[in-house]
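K.L.:
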Amino acid sequence: MEEILKNLKIERLTAMQETAIETWKKGNDLVLLSPTGSGKTLAYLLPLVQTLRPGVEGVQAVVLVPSRELALQTEQVFKAMGTPFTVMSCYGGRPAMDEHRTMKAVRPAVIIGTPGRMNDHLGKANFEATTVTTLVIDEFDKSLEFGFQEEMAEVIGRLPALRRRFLLSATDAEEIPRFTGMNRTVRLDFLQTDGRTAERVHIYKVMSPEKDKIETLYRLLCVLGTEQTLVFCNYRESAERIGNYLRSKRVACEIFHGGMEQDERERALYKFRNGSCSVFISTDLAARGLDIPDIRHVVHYHLPVSEEGFIHRNGRTARWKAEGNAYVILHEEEQRPDWLPQLETWTCPDPLPVPPLPAFVTLYIGKGKKDKINKVDIVGFLSKKGGLSREEVGRIDVMDHHAFVAVARAKYRQALQLMQGEKMKGIKVLIELAK
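Heads up, the sequence shown stops at 467 in our numbering, and the numbers go up one at a time, no gaps.
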């Protein structure tokens, strides 16, 4: 356990995580209720790893999640733990046949995936179901909201050897559906504990003189500068309009909504996570399930339809005991819901500062893991061929067939010129500014 925490650069666990680990050890099925941003992923991965048996062939645990993004993020966290166990994620939007090849090559002990794609693999017997003894359903409430009940029930029905079940949710449920097969269940409720996320979020109202709030949003973002800011709106069209407007004002921003292609959403997320984009404009698709730990500010361009949605949005900041701010942009004629509390007014300073650009940009590298390219190779190439120091290279994300890397904005043009036509590990590689 100590070695895993060291690998994750975590000094100590929260009370919720420690309680979950100790409860799981007692052999009961577990339902964990805890707010968004409280660290539920580790609360189940740590005890899950302790139940895995080394040297055992076949998949030992299945983790169901409601979205592709959460599947990928959970896989990354598992790998960062540095255990001897293998893991892979599976989800729609890419060929199931490719995933099956990966299964045969990786021979995972844990598979993390969306319910539909998991059923696809189980239906085709792409992995042996009888070796799976543990089931985790993360964001269980979100999975029900997305209408995955029948698909989850089907997955569970195809796992005959299940002995342990672990359900996690950010909201309470009156009762756990019977299809889960929960047995001797212990329920841990941390939704109302002292020191919860809501108490670490400072919420302000920002009055817009115009019904169209876009200029008010711009002024707010000018003041927030390069601190990571997540802007929520209720419609895809609004996200596109806001993004286009802010880009015209030279604000480094990305948009994220369900109408985008998966690779477009992926690029937007990588740019936001690696600090080359400071403003992320999204529908409620980003309200839950995305692991972006360093968000300092949340902005409600539109109010959500419910108080629960308001809480989940605000939970994207103040994660892991940090503090954060939330801003609600309002027009004086706007109808305000009863659940919205009285808020302190935020006043824009005058004169308005010029919005600074982030210190990093993202480069796209046209090779990845399948080409035997790893992070060390990329750092070495950027240093030797691109003339960049270690401090001028930021986060690196390597996928199967491509990679993204954050590099210093002040040096990227020079680096691109120096790397033009050069080979990485003897392979010609396309390197360009990520679009």
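Ideal placement from N, C-alpha and C gives every residue a C-beta, glycine not left out. Everything numeric in this text was worked out from a predicted model, so none of it was measured.
Just curious, the alpha helix (DSSP H) that Leu45 is in, first and last residue?
P.N.:
Where Leu45 is concerned, there is no enclosing alpha helix (DSSP H), given that its DSSP letter is neither H nor E.
K.L.:
Go ahead and label Glu107 buried or exposed: buried means 16 or more other beta carbons lie within 10 angstroms of its beta carbon, across all protein chains shown.
P.N.:
That one is buried.
K.L.:
If contacts are defined as beta-carbon pairs under 8 Å, then Phe288 and Arg345 qualify, I think. What distance do you get, rounded to the angstrom?
P.N.:
Actually they are not in contact, since the Cβ atoms of Phe288 and Arg345 sit about 13 Å apart, beyond 8 Å.
K.L.:
Take Ile188 and list the residues in its own chain whose beta-carbon comes closer than 8 Å to its own, dropping the five residues that flank it on each side.
P.N.:
Result list for Ile188: Leu167, Leu194, Phe211, Thr212, Gly213, in chain order.
K.L.:
Skipping 5 residues on each side, what residues in its chain have a beta carbon closer than 6 Å to that of Tyr302?
P.N.:
The answer, listed in chain order, is Asp429, Phe436.
K.L.:
From the DSSP output, which residues share a beta bridge with Val425?
P.N.:
Partner(s): Val439.
K.L.:
Is Met451 buried or exposed, if buried means 16 or more other CB atoms sit within 10 Å of its CB?
P.N.:
Under this definition Met451 is a buried residue.
K.L.:
Are the CB atoms of Ile36 and Leu78 within a distance shorter than 8 Å?
P.N.:
The answer is yes: Cβ separation under 8 Å.
K.L.:
Using CA atoms only, rank isn't needed, just tell me which of Glu186, Gly71, Glu286, Val238 is closest to Asn306.
P.N.:
Per the Cα distances, Glu286.
K.L.:
Val461 to Ile405, Cα distance in whole Å?
P.N.:
Going by the C-alpha atoms only, they are around 10 Å apart.
K.L.:
Taking the CB atoms as reference points, tell me whether Ala284 and Pro390 lie closer together than 8 Å.
P.N.:
Result yes, Cβ atoms of Ala284 and Pro390 sit closer than 8 Å.
K.L.:
Starting from Thr106, follow the alpha helix (DSSP H) in both directions and report where the run begins and ends.
P.N.:
That run of the alpha helix (DSSP H) goes 100-112.
K.L.:
Kindly indicate which residue of Lys243, Asp409, Leu317, Thr73 has the alpha-carbon position closest to the one of Pro336.
P.N.:
When only C-alpha atoms are compared, the closest one is Leu317.
K.L.:
If you draw a straight line from the C-alpha of Lys402 to the C-alpha of Gln105, how long is it?
P.N.:
When rounded, the distance between both Cα atoms is 19 Å.
K.L.:
Fully enclosed by the stretch 117-156, which beta strand (DSSP E) runs are 3 residues long or longer?
P.N.:
Runs of the beta strand (DSSP E) inside the stretch 117-156: 119-122, 142-145.
K.L.:
Which residues mark the beginning and the end of the beta strand (DSSP E) in which Phe198 is found?
P.N.:
That run of the beta strand (DSSP E) goes 196-201.
K.L.:
In chain order, what residues of the same chain lie with their CB nearer than 8 Å to the CB of Gly114, ignoring the 5 residues before and after it?
P.N.:
Around Gly114: Glu35, Ile36, Asn39.
K.L.:
Should Asp382 be labelled buried (16 or more other beta-carbon atoms within 10 Å of its own) or exposed?
P.N.:
Label assigned to Asp382: exposed.
K.L.:
Under three-state DSSP, which class holds Tyr267?
P.N.:
Tyr267: coil per DSSP, three-state reduction.
K.L.:
Looking only at its own chain, which residues have a Cβ that is under 6 Å from the Cβ of Val95, when we skip the five neighbours before and after it?
P.N.:
Taken in chain order, the residues that qualify are Ile144, Val168.
K.L.:
Helix, strand or coil: which one does DSSP assign to Arg216?
P.N.:
The answer is coil: DSSP assigns Arg216 none of H, G, I, E or B.
K.L.:
What's the C-alpha gap between Ile324 and Leu102?
P.N.:
Distance between the alpha carbons of Ile324 and Leu102: 11 Å.
K.L.:
Can you tell me the Cα-Cα spacing of Glu183 and Ala161, whole angstroms?
P.N.:
About 16 Å.
K.L.:
Three-state secondary structure (DSSP) at His334?
P.N.:
It is coil, neither helix nor strand.
K.L.:
Counting along the chain, where does the alpha helix (DSSP H) carrying Cys254 start and finish?
P.N.:
That run of the alpha helix (DSSP H) goes 246-256.
K.L.:
Quick one: does Asn276 have its CB under 8 Å from some CB of chain D?
P.N.:
This model lacks chain D altogether, as it is built from one protein chain only.
K.L.:
Assess contact between the stretch 260-276 and the stretch 231-242, defined as three or more Cβ pairs (one per stretch) separated by less than 8 Å. Is contact present?
P.N.:
No, the stretch 260-276 does not touch the stretch 231-242.
K.L.:
Assign Trp371 to buried or exposed, taking buried as 16 or more other Cβ atoms, counted over all protein chains shown, within 10 Å of its Cβ.
P.N.:
Its Cβ having fewer than 16 others within 10 Å, Trp371 is exposed.
K.L.:
Could you check what DSSP says for Trp352 in three-state terms: helix, strand or coil?
P.N.:
Note that Trp352 has pLDDT 47, beneath the 50 cutoff, so the model's placement of it is unreliable and no number is given.
K.L.:
For Asp221, does the three-state DSSP call read helix, strand or coil?
P.N.:
Three-state result, Asp221: strand.
K.L.:
Measuring only the C-alpha atoms, how far is Pro98 from Arg282?
P.N.:
Pro98 and Arg282: Cα-Cα distance of roughly 35 Å.
K.L.:
Could you check what DSSP says for Glu293 in three-state terms: helix, strand or coil?
P.N.:
If DSSP states are grouped into helix, strand and coil, Glu293 belongs with coil.
K.L.:
Using three-state DSSP, classify Leu84 as helix, strand or coil.
P.N.:
Coil, per DSSP.
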